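Participant:
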Amino acid sequence: MCGIGRLPKPPGSAASGAGDWFDGLPPQLGSDAVATGMERLLEVLAAGDARSRAAAIVLGPPADERGSSSQQLTDLALSSRDPVIALWALQRCSPGPQGCPASTVDSLVPLDPDNIAFQLWQIAAEPQRSERLFASMAQASRFKMHDGSLLATVQEAMPADLLPYVQQEIWVYVLGIEAAQSYPAFQSLTAYCRPGEHARPDRAATCHDIAQTLISTSDSLIGELIGLRIALWTGMPQAEFDARRAALHLIPPSPWEQGQPRSCASIERFKAQVELRAREGEMGVWRAAAAAASQAPR
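Encoded structure:
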């Protein structure tokens, strides 16, 4: 246990060491220590700048009404003009059959108007405008989910005196929240570009341009995978598609030492992976994994 030293496994824990026995620790070393650390982190975030306060809302306890936290994030985004907070507001607003109200989406899109992600939310809110919005999307310069921004914000606020293994538990929670954040609905885009007897030839150039932007600028795995699929539909050779998709299916190596996920060595490797994702997003982690795989002896 990095920060404490070697401890015996609690009674009843997995004999192989592969199972997680954290819950068997005394509360002051386990659950209570993590809960106190999380409370301190949220206090620091809540006292910070607009993005820090927004991160406290994203990570904090659920509001009584999900819409109330979405409204808080929307208000913070509009007052700070921060596109990252605007994205978090859209993610918090979008779950459910109704999605975000068009008025909310229209107020947030101008904070990042050249971002395909924001335009996809606009199409979901106002499908009657989809033809014009897809044409505009073909001129967009990027697809950014600002992946890693939540990690970077937490990184600046994390109390430095928390024990390393406590910090790791909090990081695992933050990664889970980041992974659970919703994406814009790609179904409208794939339906627009999908080939078939009802496909419209005049859409091919628009779809090609959107695909290239997704492939070249996405900071998230799903954005690049959707881009590759549309690129295949609009002329990418099958062999190139297969090679590029296979590269994206590499799994980054686990940072954790077998049976010792909270050793100092495991935590240092895990921290390095978190810092990489905070700097370069999900695709940065995959690019690093691909580079390491290409240099590994065969």
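For the sequence shown, the residue numbers in this note's numbering are 2 to 299. The beta carbon of each residue, even a glycine, is placed where N, CA and C say it ideally should be. Values in this document were obtained by computation on a predicted structure and should not be read as measured data.
Of the choices 84, 55, 118 and 46, whose alpha-carbon is the least far from that of residue 72?
Facilitator: Out of 84, 55, 118 and 46, 55 has the C-alpha closest to the C-alpha of residue 72.
Participant: Does the segment 33-50 come close enough to the segment 136-144 that 3 or more CB-CB pairs lie under 8 Å?
Facilitator: No, they do not touch.
Participant: With a Cβ-Cβ cutoff of 9 Å, do residue 112 and residue 153 count as a contact?
Facilitator: In this structure, residue 153 does not lie closer than 9 Å to residue 112 by Cβ.
Participant: Measuring only the C-alpha atoms, how far is residue 194 from residue 125?
Facilitator: Approximately 16 Å, taken between the alpha carbons.
Participant: Three-state secondary structure (DSSP) at residue 8?
Facilitator: Residue state, collapsed to three classes: coil.
Participant: I need the DSSP call for residue 140, collapsed to helix, strand or coil.
Facilitator: Coil at residue 140, not helix or strand.
Participant: Give the DSSP bridge partners of residue 261, in chain order.
Facilitator: Bridge partners of residue 261: 258.
Participant: Quick one: is residue 65 buried, meaning 16 or more other Cβ sit within 10 Å of its Cβ, or exposed?
Facilitator: Note that residue 65 scores 49 on pLDDT, short of 50, meaning its location in the model is unreliable and no value can be drawn from it.
Participant: Sort 38, 8 and 293 by Cα distance to residue 169 and report the nearest one.
Facilitator: Nearest of 38, 8 and 293 to residue 169, Cα basis: 38.
Participant: Is there at least one non-hydrogen atom of the ligand GDP closer than 8 Å to the beta-carbon of residue 152?
Facilitator: Absent from the structure shown: the ligand GDP. Ligands present: none.
Participant: Have a look at residue 192 and residue 225 and give me their C-alpha separation to the nearest angstrom.
Facilitator: Between residue 192 and residue 225, the C-alpha separation is close to 17 Å.
Participant: Just confirm the distance between the C-beta atoms of residue 248 and residue 291, as a whole number of angstroms; I'd bet it's less than 8 Å.
Facilitator: Sure, about 5 Å apart at Cβ, within 8 Å.
Participant: From the beta carbon of residue 9, is the nearest beta carbon of chain C less than 9 Å away?
Facilitator: The structure shown contains no chain C, having only a single protein chain.
Participant: What's the call for residue 175, buried or exposed, on a 16-neighbour Cβ count within 10 Å?
Facilitator: Buried, since its Cβ has 16 or more Cβ neighbours within 10 Å.
Participant: Please list the terminal residues of the continuous alpha helix (DSSP H) segment that includes residue 174.
Facilitator: Start and end: 165-181.
Participant: By alpha-carbon positions, which one of 167, 148 and 34 ends up nearest to residue 183?
Facilitator: Closest option to residue 183, Cα to Cα, is 148.
Participant: Assuming residue 88 contacts residue 138 (C-beta within less than 8 Å), just tell me the rounded distance between them.
Facilitator: Not a contact, Cβ separation roughly 16 Å.
Participant: Less than 6 Å between C-beta atoms, sequence neighbours within five positions excluded: which residues of the same chain meet that for residue 68?
Facilitator: For residue 68, the pLDDT reaches just 49, beneath the cut-off of 50, and the residue's location in the model is therefore unreliable, leaving the point undetermined.
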